[in-house]
Amino acid sequence: MDPSDDIIIIETKKIDVDNPIVLEGVPDMGLVGSIAVSHMVQEQNFDVVGYIKSDLFPPVMVVHERKVLNPVRIFQKGNIIAILSEIPIDPKPGYILSKRLTEWYKEKGVKLIISISGTPLQERIDIDEPEVFGTSNNEEILKKMEDSGVKILEEGFVSGFYALILKNSIELNLNSSVLLAQCYSSYPDPGAAASILKILNKMTGLDVDVKQLIEQAEDLKVNYRALMEQTNASIQRETKVDVPTMYR
Amino acid sequence: MIRRYYIITRDANHSFKENYWHINYCSCNNVEPLTEFNETKESLIATLDMPCVEKEKIEVTSEEKFIRVFAPTTKGFCFKRDINLPFSTYPEKVHATFKKGILVIEIPKKIKHFKVEIK
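From first to last, the protein sequence lines are chains H and Z. Per the UniProt record's numbering, the first sequence starts with residue 1, numbered consecutively. Per the UniProt record's numbering, the second sequence starts with residue 1, numbered consecutively.
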């Protein structure tokens, strides 16, 4: 049995769109991806078009506005598909999920994958507008990112789930990119998510209003506290990668 | 922000702390704030994420080997964190700042240096 059979992608509505762009928000540093994608799908009224299930995920269902929902859901609006996870993805399911997802992206003819995360910064408390860094396996996309205000990583590391997405994308010849906003490492960071969404507005033609995200930052930090706590524990469980000294 | 510090030389199973606690606070849902520690040779810096808290209502108490943080939120629960120190500090020199919903406590280490006499 192929290990990727352990992850099942269920489409509750037919996703029939040519060359979609995928935005991924998985709990990670500062929950930047989860907060950004969650805000985007609510603010832009994305439709829920599916979910991802696996026995490898923790036994969790989430409740939003009295509705019981799967924690890893797929949304769509126009040519944008969004993947939102409200549970941290541990390394083992992470390997399999990244493989299954990239295969699914290939089937769907995805033209660009944008993975959203954060890069922790000790002095984050002194920064009002976090900068966004990025990388991609495609030169044209790097240029587009740069034109949208992203600082391109010249040297560095991408680790964790999104590194696997990048790796599998290269193997499957998919265009993949990662956006990293300066963020708190262990606290939810709606400000960093707002910085990412401003960049995404330029890159994808979206028009996500981030005013609410900034105004309600304190409330969001309370709401995301439990997920951040689980994510911090998950990050600690990840196999530690020895980063060469030059990158420290 | 309220800062209180106590120098307790004889700790009777934290009984003083517990009594003090029950007198001053009602029973409220206590939640531990997300906390990061950064240790240097001279001090320990504890950073606590405490959204929906007013600076004036934060109470930080320090003792030689113990720091307690308490703050009611506007959401009906309280943040509470006890930090047992693996070293002694000068309670009156513990310094705290609150900015953007984050409390930073700098706890200096009481370091004594002795010149050892060689006989």
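Ideal Cβ positions, reconstructed from N, Cα and C, are used throughout, including at glycine. All values derive from a computational prediction rather than experimental measurement.
In summary, the residues of the stretch 226-237 of chain H whose CB is separated from some CB of chain Z by less than 8 Å are 228, 229, 232, in the order they occur in the chain. Setting aside the 5 residues that flank it on each side, residue 55 of chain H is surrounded in the same chain by 6, each with a C-beta closer than 8 Å to its C-beta; the list follows chain order. Listed in chain order, the non-local C-beta contacts of residue 52 of chain H below 6 Å within the same chain comprise 9, 72, local neighbours out to five positions each way being set aside. Here the alpha carbons of residue 40 of chain Z and residue 106 of chain Z stand approximately 10 Å from one another. A direct Cα-Cα distance of roughly 16 Å separates residue 132 of chain H from residue 126 of chain H. Excluding five sequence positions before and after residue 204 of chain H, the CB atoms of its chain that fall closer than 7 Å to its own CB belong to 21, 80, given in chain order.
Contact between residue 227 of chain H and residue 86 of chain H holds: CB atoms are separated by about 6 Å, below the 8 Å threshold. Within chain H, the residues 187, 188, 217, 218, 219, 220, 221, 222, 225 have their CB atoms less than 9 Å from the CB of residue 51 of chain Z, given in chain order. Inclusion of residue 219 of chain H and residue 31 of chain H in the CB contact set at 9 Å is not warranted, their separation being larger than that value. Among the residues of chain H, those whose CB is under 7 Å from the CB of residue 34 of chain Z are 186, 187, 225, 228, 229, following chain order. Neighbours of residue 75 of chain Z in chain H, taken as residues at a C-beta separation under 7 Å, are given in chain order as 222.
With a cut-off of 8 Å on Cβ pairs, the stretch 87-96 of chain Z is in contact with the stretch 104-119 of chain Z, counting three or more such pairs. Judged by DSSP in its simplified three-state form, residue 73 of chain Z adopts strand. Not a single C-beta of chain Z is nearer than 9 Å to the C-beta of residue 74 of chain H. When DSSP assignments are scanned along the stretch 134-199 of chain H, the uninterrupted stretches of alpha helix (DSSP H) that are 4 or more residues long and fall wholly within it turn out to be 139-147, 161-171. Exclusion of the five residues before and after residue 29 of chain Z leaves 76, 77, 78 as the residues of its chain whose Cβ lies within less than 8 Å of its Cβ. When Cβ-Cβ separations below 9 Å define contact, residue 125 of chain H makes contact with chain Z. If you draw a straight line from the Cα of residue 90 of chain Z to the Cα of residue 43 of chain Z, it is about 11 Å long. By the neighbour-count criterion, in which 16 or more other beta carbons inside 10 Å mark a residue as buried, residue 13 of chain H falls on the exposed side. Put simply, the CB of residue 83 of chain Z is far from chain H, with every gap to its CB atoms at 9 Å or more. Contact with chain H is found for residue 102 of chain Z, since one of that chain's Cβ atoms lies less than 9 Å from the residue's Cβ. Bounds of the alpha helix (DSSP H) holding residue 231 of chain H are 225-237.
At a cut-off of 9 Å between beta-carbon atoms, residue 119 of chain Z makes no contact with chain H. Here DSSP, grouped into helix, strand and coil, assigns residue 78 of chain H to coil. Residue 101 of chain H sits away from residue 38 of chain H, with the two beta carbons spaced by 9 Å or more. DSSP, read as helix, strand or coil, puts residue 50 of chain H in strand.
Taking the C-beta atoms as reference points, residue 120 of chain H is found nearer than 9 Å to residue 185 of chain H. In the same chain as residue 233 of chain H, and ignoring 5 residues on each side of it, the C-beta atoms closer than 8 Å to its own belong to 88, in chain order. In this structure, the alpha-carbon of residue 81 of chain Z lies about 5 Å from that of residue 32 of chain Z. Listed along chain H, the residues sitting closer than 8 Å to residue 99 of chain Z by beta-carbon distance are 125.
When DSSP reads this structure, residue 89 of chain Z sits in no beta bridge, so it has no partner. Membership of residue 102 of chain Z in any alpha helix (DSSP H) is not indicated; the residue belongs instead to the beta strand (DSSP E) covering 102-108. The C-beta of residue 60 of chain Z comes no closer than 9 Å to any C-beta of chain H. Buried is the label assigned to residue 47 of chain Z, since at least 16 other Cβ atoms lie within 10 Å of its Cβ.
The Cβ of residue 31 of chain Z sits closer than 9 Å to at least one Cβ of chain H. In this structure, the alpha-carbon of residue 84 of chain Z lies about 5 Å from that of residue 66 of chain Z.
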